[in-house]
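Add 26 to a position in the sequence shown, counting from 1, and you land on the number used in this note's numbering.
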Amino acid sequence: MTFLKYLFYTGYVILGFMVFPGCKPKVIVLKSPPHYNFSEVETYKLDLKIKEISGIVWDSKNGEFLVHNDEKGIIFFLDKESKAIKPGRDIPFAGKGDYEDIALVNGIPYVLRSDGLLTKIVKDSAGKYYGIEVGKIGLSGTNDFETMYYDDSRKALIVVCKNCAMDDKNSISAFAFYPDSTGFDNKPVFTINADEIRKLSPEKSSKFQPSAAAIHPLLKNLFIISSASNQLVIADTDGNVESVFVLAKQLFPQPEGITFKKGDMYISNEGVGARSTLLKFTYKP
27 MTFLKYLFYT
37 GYVILGFMVF
47 PGCKPKVIVL
57 KSPPHYNFSE
67 VETYKLDLKI
77 KEISGIVWDS
87 KNGEFLVHND
97 EKGIIFFLDK
107 ESKAIKPGRD
117 IPFAGKGDYE
127 DIALVNGIPY
137 VLRSDGLLTK
147 IVKDSAGKYY
157 GIEVGKIGLS
167 GTNDFETMYY
177 DDSRKALIVV
187 CKNCAMDDKN
197 SISAFAFYPD
207 STGFDNKPVF
217 TINADEIRKL
227 SPEKSSKFQP
237 SAAAIHPLLK
247 NLFIISSASN
257 QLVIADTDGN
267 VESVFVLAKQ
277 LFPQPEGITF
287 KKGDMYISNE
297 GVGARSTLLK
307 FTYKP
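Written out as structure tokens, the structure reads:
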């Protein structure tokens, strides 16, 4: 019988594999990213309404988190301290669908559907919010998207492939949507080298399939997580991979969202046999 144990010590996640009988334990040390310590985490259990939380973004102007479920077209607002859902603030923006990520452009929410459709949340003259479809990536073949973030330097929403027909095993394409001008550009704005991720990964893993991303507000690096391969990749904003970190399953059972409040990093986990969680990692200069 094999047992898996996680220990957290000075910024490292230590996986001890104990194999019985007569085998010495194997220890794999998983490092934390710079300025963070995976052993120092604040865990918030979220409301059952958002058990299948799929996207999260911090709204610095209003001091709250915006989140949404995977299958229901509803945006919820979370209190910045308790992380409880704020009553009476829900925004139904569409019917059932496979909604994967959320981002803010000048305070306006945009939601990504897995087929590349973007919905913008607008307000009518009576103050009621609703969603309008504003663009869809025009790619041939079968394509699946889970990741979207706003890049202020490009003035564009960036949508990253999870699985796209145009990509091979060594490439992950990203596309830009310009909300104030041309909409989607169907040519990749950059391509991530998946082979480089494999080379830099501390452990052998399946192909990196992005499930969420955000630009660090202080470091200006791109942080990308993959639930499928349990990895955190840090890259520049052109997708050039700089480092790769393993996300321990016990702490990150199904990471589907990432956002930053100032420098503090928040990663959301979809509920796996339990309530969903929001993890806070404090930034250390």
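Here a beta-carbon is modelled for each residue, glycine too, at the ideal position from N, C-alpha and C.
Assign P311 to buried or exposed, taking buried as 16 or more other Cβ atoms, counted over all protein chains shown, within 10 Å of its Cβ.
-> Counting from 1 along the sequence shown, the entry for residue 311 is found at position 285. Classification of P311: exposed, given that the 10 Å Cβ count is below 16.
Compute the Euclidean distance between the alpha carbons of G114 and D73, then round it to the nearest angstrom.
-> In the sequence shown, counting from the first residue as 1, residue 114 sits at position 88. In the sequence shown, counting from the first residue as 1, residue 73 sits at position 47. Going by the C-alpha atoms only, they are around 15 Å apart.
Between the CA atoms of K149 and D206 - distance to the nearest angstrom = Along the sequence shown, one-based indexing puts residue 206 at 180. Along the sequence shown, one-based indexing puts residue 149 at 123. Roughly 17 Å between the two C-alpha positions.
What distance in whole Å lies between the Cβ atoms of E78 and G283, which are believed to be in contact at a cut-off of 8 Å?
-> Indexing the sequence shown from 1 puts residue 283 at position 257. Indexing the sequence shown from 1 puts residue 78 at position 52. With a beta-carbon spacing of about 11 Å, G283 and E78 fall beyond the 8 Å limit used to define contacts.
Whose C-alpha, out of M291, G123, Y156, S199, is nearest the C-alpha of N266?
-> Indexing the sequence shown from 1 puts residue 266 at position 240. Ranking the options by Cα distance to N266, first place goes to S199.
Does DSSP classify L74 as helix, strand or coil?
-> On the sequence shown, residue 74 is found 48 positions in, with the first residue counted as 1. It is helical.
Measure how close the beta-carbons of I260 and F278 come, nearest whole angstrom, since I'm counting them as under 8 Å.
-> Residue numbering aside, residue 260 sits at position 234 when the sequence shown is read from its first letter. Residue numbering aside, residue 278 sits at position 252 when the sequence shown is read from its first letter. No, I260 and F278 are not in contact; Cβ-Cβ is about 16 Å, not under 8 Å.
So which of L138, K181, K162, K122 has the shortest CA-CA distance to N132?
-> For the purposes of this step, residue 132 is taken as residue 106 along the sequence shown, with counting starting at 1. The option with the nearest alpha carbon to N132 is K181.
Determine the direct distance from the alpha carbon of D194 to that of W84, and round the result to whole angstroms.
-> Position 58 of the sequence shown holds residue 84. Position 168 of the sequence shown holds residue 194. Taking the straight line from one Cα to the other gives about 33 Å.
Return helix, strand or coil for A110, following the three-state DSSP convention.
-> Here residue 110 corresponds to residue number 84 of the sequence shown, with the count starting at 1. Look at A110 here: in three-state DSSP terms it is coil, with no helix or strand label.
How would you write the range of the beta strand (DSSP E) that R139 sits in, first residue to last?
-> Translated into positions along the sequence shown, residue 139 becomes position 113. Where R139 is concerned, the enclosing beta strand (DSSP E) stretches over 134-139.
List the whole-angstrom C-beta distance separating H61 from Y309, where the pair is believed to meet the contact cut-off of C-beta under 8 Å.
-> Counting from one through the sequence shown, the residue named residue 61 turns up at place 35. Counting from one through the sequence shown, the residue named residue 309 turns up at place 283. Between Y309 and H61 the Cβ distance is about 5 Å, and since that is below 8 Å, they are a contact.
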